[in-house]
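Undergrad: Protein chains in written order, with this note's numbering: chain U, 363 to 478; chain G, 363 to 478; chain A, 363 to 478; chain R, 363 to 478.
Each residue gets a CB set at the ideal place from its N, CA and C atoms; glycine is no exception.
4 protein chains.
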Amino acid sequence: MVDAAGKTFSDEMARCIDECTRTHQVCLTASGHALRHGGAENTAHVIRVLSDCVEICQTAANFMLRGSPNHRQVCSVSARICREVAEECSVFDDEVMRQVVEVTTACAETCEAMAA
Amino acid sequence: MVDAAGKTFSDEMARCIDECTRTHQVCLTASGHALRHGGAENTAHVIRVLSDCVEICQTAANFMLRGSPNHRQVCSVSARICREVAEECSVFDDEVMRQVVEVTTACAETCEAMAA
Amino acid sequence: MVDAAGKTFSDEMARCIDECTRTHQVCLTASGHALRHGGAENTAHVIRVLSDCVEICQTAANFMLRGSPNHRQVCSVSARICREVAEECSVFDDEVMRQVVEVTTACAETCEAMAA
Amino acid sequence: MVDAAGKTFSDEMARCIDECTRTHQVCLTASGHALRHGGAENTAHVIRVLSDCVEICQTAANFMLRGSPNHRQVCSVSARICREVAEECSVFDDEVMRQVVEVTTACAETCEAMAA
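1) Interface residues of chain C around Glu417/A at Cβ under 8 Å?
2) Can you name the residues of chain U whose CB is closer than 7 Å to the CB of Ile443/R?
3) Which whole-angstrom value is the C-beta distance of Thr466/R and Cys415/R, which I expect to be below 8 Å?
4) As a quick exercise: from Met375/A, Val388/A and Ser430/A, pick the residue whose alpha carbon is nearest that of Ala448/A.
5) Check each candidate in Ala477/G, Met476/G and Glu446/G and name the one with the smallest Cα separation from Glu464/G.
6) Check the Cβ-Cβ distances between Val458/A and every residue of chain G, and say whether any is below 8 Å.
7) My guess is that Ala396/G and Leu412/G are in contact by the Cβ rule of under 8 Å, so how many angstroms apart are they, rounded?
8) Would you verify that the beta carbon of Leu397/A is, or is not, closer than 8 Å to some beta carbon of chain U?
9) For Val436/R, which residues of its own chain have a beta-carbon under 8 Å away from its beta-carbon, when the five flanking residues on both sides are left out?
10) Which residues mark the beginning and the end of the alpha helix (DSSP H) in which Ala392/U is found?
11) Quick check: what's the CA-CA separation for Met375/U versus Ala478/U?
12) Closest to Ala392/R by CA distance: which of Asn404/R, Val408/R, His433/R and Arg377/R is it?
13) Step through the CB atoms of chain A and report whether any lies within less than 8 Å of the CB of Gly428/R.
14) What are the boundary residues of the alpha helix (DSSP H) that Arg445/A is part of?
15) Out of Ser452/A, Arg442/A, His386/A and Asp373/A, which has the shortest C-alpha to C-alpha gap to Glu471/A?
16) Does any residue of chain A have a CB that is nearer than 8 Å to the CB of Gln435/R?
17) I'd like to check one pair, Cys444/A with Thr385/A: are the Cβ atoms closer than 8 Å?
18) Which same chain residues end up closer than 7 Å to Val439/A when comparing Cβ atoms and leaving out the 5 residues on each side of it in sequence?
19) Which residues in chain R sit within 8 Å of Val462/U, going by Cβ to Cβ distance?
20) At the level of alpha carbons, what is the spacing between Phe371/G and His399/G?
21) Is it buried or exposed, Asn432/R, if we count other Cβ atoms within 10 angstroms and call 16 or more buried?
Below is the structure:
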C-alpha cells in the first residue's frame, strides 16, 4: 500500500492506521451499548469520552492515510484520549467495555510511537 | 461483535462495514496519488469523485456501526458513488487505480445488498 | 463565495449549506442535553437519531462545498433524516428540543429543494 | 446556546466554533480552486495542507460543541495547522487564497486562546 505522499507506509504506520480504525469502530459500537445499559449521570460522561475517541481516531487515521506530517500532532492527542477511555472504562465489569480497554490501550501505544 | 442497537451484526453487515472501511482508505490514499500523477483538468474531476467516495463510505460505515436503520438510505448513495468511481478510474492503466476499481466494485455490491 | 467547482454558489445552495451547518451544531449540542435529561430507553433512540442527523448534515454540507453534483443524493437523505428528527423531538416540552424541531424543519425544506 | 455539557458556551468558545466552521468551509472550497488553477507539484502540497485544516477545524468545532474538555488539545493542533496554511497560502496572489490567509489567521488566534 502506498500513502498519499507516494511512499510506502512503514509497518509501524500501517499498524497505527489499523489500530485507530479498530478503536474507532469498537468505541462507536460501545457508546450505543453504554447508552442502553449505563446509569444516567456516569453514562453521559462515558459516552462523551467515547465520542471524543471515535472522532480523534478517525481523524488520526485520515491524517496518516493522506501522508501528512501533521499526523504526529494528531496522534499525540489520540494517544492521550485513548488512555483516558481505557482508564474510564476499566471500572466496568462487562465484556464490551473490556474490549474497549483492550483496543484503546493497544491504540494508545501505536499512537505514542507515531507521535514521538 | 455487537452493534450499537445491541444486536450482533449480521455477516452481511459486518462485510459491508469492512468493505466501506477499505474503500475509504484506498480512495483517500489514491487521491494523493492522482494529485501527483494526473493531468490537470481530469485530475480535479477524479479527486472530487474520490473525495465523495471517501466521505460517503465513512458515513455509511458509521451509520451501520451505530445500528441505525437509516444505513439503508446511506448505503444506497454509497453504492452509486462507488459505481461512479469504478467507472471513472477504470480508464487509468495504473496499479493504484486498478486497486480503486477493485475495492469500489466490491463495496458497491455489499452496499447494494444492504440498501435493498 | 466560490464553490469547489469554480462557480459561485447559488443563493439556494448557500442557504442549504448554512442550514445544514446550523442543524449539525444544534443537534450535536442537543444530544448532550438529551443524554443528561432523558429517560433511559427513549434517550438511546433520540440520541441515535440526533447522531444520524449530525453526521448526514455535515456530509451534505461538505458535498455542496466541494461542488459535487452528488450533493443531490446526499441532500435527499439528509432531508428525510431531518424530518425524522423533527417528528421524534416534537413530543418533548423543552426549549432545546423546540430549537431542534425548528432547525431540522427549516433544513429539511432547503435539502428537499436541493435534492429535486 | 447551551453546550453538550449543559453550560452556556462562553463568548470566546462561541467565537472559536464560528471561526473553525468558517475556516472549514473556506479551505474546503479553496482546495477545489487550488486543484484547478495551481501548478502540479506545489498544488499537491497546498491541497494536502488545506485538507488537514478542513478536517482538524471540523474536529475542533465538534469537540467544543460536545462540551469536551479535550477541546484544548485539539484546538492546540488546529491553531498550528491554521498557521501553516496561512503561511503556505500567503505566497499566492489570488482572491481565494487571500481569503484563506485571512480566515486561518483569525481562526488560529481563537484556537490559541482556547488551547491556553
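TA: Reading off the structure:
1) Annotation note: the requested chain C is absent from the structure, which comprises protein chains U, G, A and R.
2) If you number the fourth sequence from 1, residue 443/R lands on position 81. Per Cβ cutoff of 7 Å: Asn432.
3) Translated into positions along the fourth sequence, residue 466/R becomes position 104. Translated into positions along the fourth sequence, residue 415/R becomes position 53. Their Cβ separation, rounded to whole angstroms, is 7 Å, which keeps Thr466/R and Cys415/R in contact under 8 Å.
4) Here residue 448/A refers to the residue found at position 86 when the third sequence is read from its first residue. Closest by C-alpha distance to Ala448/A, out of Met375/A, Val388/A and Ser430/A, is Val388/A.
5) For the purposes of this step, residue 464/G is identified with residue 102 of the second sequence, where counting begins at 1. It is Glu446/G.
6) Taking the first residue of the third sequence as 1, we reach residue 458/A at position 96. Contact of Val458/A with chain G is not assigned, every C-beta pair being separated by 8 Å or more.
7) Counted from its first residue, the second sequence places residue 396/G at position 34. Counted from its first residue, the second sequence places residue 412/G at position 50. The C-beta separation of Ala396/G from Leu412/G comes to about 7 Å, placing the pair in contact by the 8 Å criterion.
8) Here residue 397/A corresponds to residue number 35 of the third sequence, with the count starting at 1. It does; some Cβ of chain U falls within 8 Å.
9) Residue mapping note: residue 436/R aligns to position 74 of the fourth sequence, counting from 1. Answer for Val436/R: Ile418, Thr421, Ala422 and Phe425, listed in chain order.
10) Here residue 392/U corresponds to residue number 30 of the first sequence, with the count starting at 1. From DSSP, the alpha helix (DSSP H) with Ala392/U extends over Asp373 to His399.
11) Translated into positions along the first sequence, residue 375/U becomes position 13. Translated into positions along the first sequence, residue 478/U becomes position 116. Each residue's Cα considered, the two are about 12 Å apart.
12) As a position in the fourth sequence, residue 392/R is number 30, starting the count at 1. Sorting Asn404/R, Val408/R, His433/R and Arg377/R by C-alpha distance to the C-alpha of Ala392/R places Val408/R at the top.
13) As a working note, residue 428/R is residue 66 in the fourth sequence. The question names Gly, yet the displayed sequence has Arg at residue 428/R. Taking Cβ atoms only, chain A reaches closer than 8 Å to Arg428/R, which makes this a yes.
14) Locating residue 445/A in the third sequence gives position 83, where the first residue counts as 1. According to the DSSP assignment, Arg445/A belongs to the alpha helix (DSSP H) that extends over His433 to Cys451.
15) Taking the third sequence and counting its residues from 1, one reaches residue 471/A at position 109. Residue nearest to Glu471/A within the set Ser452/A, Arg442/A, His386/A and Asp373/A is Arg442/A (criterion: CA-CA distance).
16) Mapped onto the fourth sequence, residue 435/R falls at position 73. For Gln435/R, no CB of chain A lies under 8 Å from its own CB, so it is not counted at the interface with that chain.
17) For this step, residue 385/A is matched to residue 23 along the third sequence. For this step, residue 444/A is matched to residue 82 along the third sequence. Yes.
18) As a position in the third sequence, residue 439/A is number 77, starting the count at 1. Hits under 7 Å: Ile418.
19) To locate residue 462/U, count along the first sequence from 1; it is residue 100. Simply none; closest approach about 17 Å.
20) Counted from its first residue, the second sequence places residue 371/G at position 9. Counted from its first residue, the second sequence places residue 399/G at position 37. For Phe371/G and His399/G, the distance between alpha carbons rounds to 40 Å.
21) Locating residue 432/R in the fourth sequence gives position 70, counting from the first residue. Its Cβ being crowded by 16 or more others within 10 Å, Asn432/R is buried.
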